[in-house]
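Chains as they are written, first to last, in the UniProt record's numbering: chain W, 1 to 360; chain A, 1 to 418. Since the structure comes first, as structure tokens, the remarks are kept for the end.
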């Protein structure tokens, strides 16, 4: 009986010690990777059928069976629909043009999410030879998105899914089709009839030819309708010249040495804190970009350089509103890319002729 | 009986085989380091070329070509340092899911919660061997390293939860700083990543060989030393936006004592200045990145000044737009841009830094809320069956638009004699 007790005590002690021991973790099984090629993933996924059909048409499906690695930025069928492209219109696109567009959706490298820098406008060169611009939300005091949570924008287009792994690369699922960039902002504006008044105005003020230069520029473009709504028809437009009006009348629409998509205003929000820099200060005015983080789309407008004095006025019109040239305009048709910058269509004139008249 | 013997033998084996903790090997001839990230710039569309302030600290890195992939010491997820840091780690086991910082500048004042790891410094919450008590100061916020030459590297990393070693090599190749530093045996060093010129993307490592372990400090005095760690004045500030404390900073101090009589009779909040400490000139910082701190003594008031009718006085506090003016005596420092002409000496206003906040809650607020304030320099401690007031030694580091307070505290074994 006595022996039994010792036996039990020993057993209990032994158990206690065992429980207290440091245990090594079991071997972690290696992650399962998809060894199929990119093209077979596209082929077997109905959501990517339009992109797959297009690849087949231009013969790129053979290329993507190769060793790679490649990263495909694939707009799914909904993304084509969201960009106003259906199967019919896709089939009608000229083959050479389609090939260029599709090559613009392929990176000749492996690009998992962990290899994308957390920054704004990081370039990766596509197989079309032109860069695409990657942006991720960056940490900042005004940041309202979750940083580091897989939010990525390519050329302002939201990426729905990252890290779809294949044997020879990755697929990024896009929510819209990437547009093949125009050769220059000048070319973009000149080939769009809705901007013919704006183009004529830029020409008359000697601002158009620079938009062929490398830049980069951001141009806020108002349509002809907006000119008409403000009483500027062709006759009035022909009469606008640099003898009677200051150059700032149309310089106000050009942001120099900038390149940003609308989503970048969300990914790197401009501080609206008191005393922070509200925009771009030029010798003529301050170009104000309203932050987009509070549900709105953001806006663009012009303040005079002495806006601080106006903001301090509280008892006489304009009641401290520094938009003295014209109200701020919304972004109505953003993110049109050219090789030397970006054109954002805006919903108003931000400088009216009377504000820029040269007084004799 | 045989069974018992074999069981005992097994037990012995188990005792010998067990290992509850990995004991870190002792460091021979150690030096002591502490590392901060002082980059506080916000990235926005207009400043997207600047470095986002999130880093990995590497000591003695192993590289694959030029790209670091491992190191002897990795201080990962290094965010912007806290405005108030002590000489021992205050958040030692508590920063793994980031901050619950209250940010009243944001709509709804919701706490900022980061779902990725965030360290405010190295060693911070890393479990490493630390410095012993030196010159009466608890220096456990400094980590032991072997003395001698070490290669120090900082890499800009994305703010996500991927550990450094698993980041893609293109990301790991974004090296911000790469330098070699000689650390002497038994000495204390503070390393800070600073920006020298934000507009042109120039960054540097500021190394301070701490002298406070060799200096004599009177226990009945407060000490304060300022240093300017700002880089070149940014373009935005030159155009009048944002706050920039100055290239040359003239510093004066006021010791504010709450006037109980006026408050009792007229309900007005009035502070009187302690005699000879009313906007009293202290020093002018004409250089930046000074590696020596010149400490200046300030009086420590008798303990009775911190109580009113036997009850401890209060700290300044605010909640939901209500401000509670504290009644504790506090120092304020006027940091005046010495390059600006002073027309009226009475009304001159610079960056008025009020040291009147509660140290225990101060770091819960964002830098925007803590603008122009710092914890009270008089340290109130519940020791020896009551509140007592201890003196502190403070290093105030001016970085662009903010002032970081590094407070060195003595042991609380003895009740102070003030």
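Where is the CB? At the ideal position from N, CA and C, for every residue including glycine.
Using a Cβ-Cβ distance cut-off of 8 Å, determine whether residue i contacts chain W.
i	result
residue 116 (chain A)	yes
residue 96 (chain A)	Because the pLDDT at residue 96 (chain A) is just 49, under 50, the model does not fix this residue reliably, and the value given afterwards should be weighed accordingly. So no, residue 96 (chain A) is outside the interface.
residue 108 (chain A)	Only weak support is given to the placement of residue 108 (chain A): the predicted model assigns it a pLDDT of 48, under 50, and the value that follows is read from those uncertain coordinates. False, the Cβ-Cβ gap to chain W never drops below 8 Å.
residue 45 (chain A)	yes
residue 8 (chain A)	yes
residue 368 (chain A)	yes
residue 147 (chain A)	no
residue 126 (chain A)	no
residue 171 (chain A)	yes
residue 48 (chain A)	yes
If we call anything under 8 Å between Cβ atoms a contact, is residue i one with residue j?
i	j	result
residue 178 (chain W)	residue 160 (chain W)	no
residue 167 (chain A)	residue 204 (chain A)	no
residue 379 (chain A)	residue 288 (chain A)	no
residue 329 (chain A)	residue 255 (chain A)	yes
residue 432 (chain A)	residue 370 (chain A)	Given a span of 1 to 418 for chain A in the structure shown, any question on residue 432 (chain A) remains unanswerable.
residue 38 (chain W)	residue 171 (chain W)	yes
residue 36 (chain A)	residue 187 (chain A)	no
residue 73 (chain A)	residue 142 (chain A)	no
residue 35 (chain W)	residue 156 (chain W)	no
residue 403 (chain A)	residue 374 (chain A)	yes
residue 7 (chain A)	residue 87 (chain A)	no
residue 264 (chain W)	residue 45 (chain A)	yes
residue 301 (chain W)	residue 327 (chain W)	yes
residue 361 (chain W)	residue 261 (chain W)	Here chain W comprises residues numbered 1 to 360, so residue 361 (chain W) is not present and cannot be evaluated.
residue 390 (chain W)	residue 48 (chain A)	The first residue shown for chain W is 1 and the last is 360, placing residue 390 (chain W) beyond what the model contains.
residue 78 (chain W)	residue 49 (chain W)	no
residue 210 (chain A)	residue 416 (chain A)	no
residue 252 (chain W)	residue 345 (chain W)	no
residue 256 (chain W)	residue 205 (chain W)	no
DSSP has residue i in a bridge; who is on the other side?
i	result
residue 186 (chain W)	In DSSP, residue 186 (chain W) forms no bridge with anything.
residue 373 (chain A)	A:354
residue 133 (chain W)	W:123
residue 141 (chain W)	DSSP lists no partner for residue 141 (chain W).
residue 389 (chain A)	A:380
residue 175 (chain A)	A:155
residue 192 (chain A)	A:36 and A:206
Starting from residue i, trace the beta strand (DSSP E) in both directions and tell me its first and last residue.
i	result
residue 62 (chain A)	55-64
residue 130 (chain A)	Unbroken run through residue 130 (chain A): none, as it is neither H nor E.
residue 256 (chain A)	249-258
residue 272 (chain A)	271-273
residue 330 (chain W)	329-338
residue 36 (chain A)	30-37
Which bits of chain C does residue i rub up against, with CB to CB less than 9 Å?
i	result
residue 161 (chain A)	Chain labels in this structure do not include chain C; the protein chains are W and A.
Determine whether the Cβ of residue i lies closer than 8 Å to any Cβ atom of chain A.
i	result
residue 138 (chain W)	yes
residue 85 (chain W)	no
residue 120 (chain W)	yes
residue 334 (chain W)	no
residue 141 (chain W)	yes
residue 205 (chain W)	no
residue 7 (chain W)	yes
residue 264 (chain W)	yes
residue 270 (chain W)	yes
residue 285 (chain W)	no
residue 115 (chain W)	yes
residue 214 (chain W)	no
Counting along the chain, where does the alpha helix (DSSP H) carrying residue i start and finish?
i	result
residue 234 (chain W)	234-239
residue 77 (chain W)	77-82
residue 228 (chain W)	224-229
residue 237 (chain A)	235-238
residue 56 (chain W)	49-58
residue 199 (chain W)	196-204
residue 359 (chain A)	359-362
residue 98 (chain W)	95-103
residue 264 (chain W)	262-267
Kindly give me the distance between the Cβ atoms of residue i and residue j, rounded to whole angstroms, as I take these residues to be in contact under 8 Å.
i	j	result
residue 117 (chain W)	residue 162 (chain A)	With 8 Å as the limit, residue 117 (chain W) and residue 162 (chain A) do not qualify as a contact, their Cβ atoms being about 13 Å apart.
residue 138 (chain W)	residue 119 (chain W)	6 Å
residue 296 (chain A)	residue 282 (chain A)	6 Å
residue 30 (chain A)	residue 145 (chain A)	6 Å
residue 123 (chain W)	residue 113 (chain W)	17 Å between Cβ atoms; not a contact.
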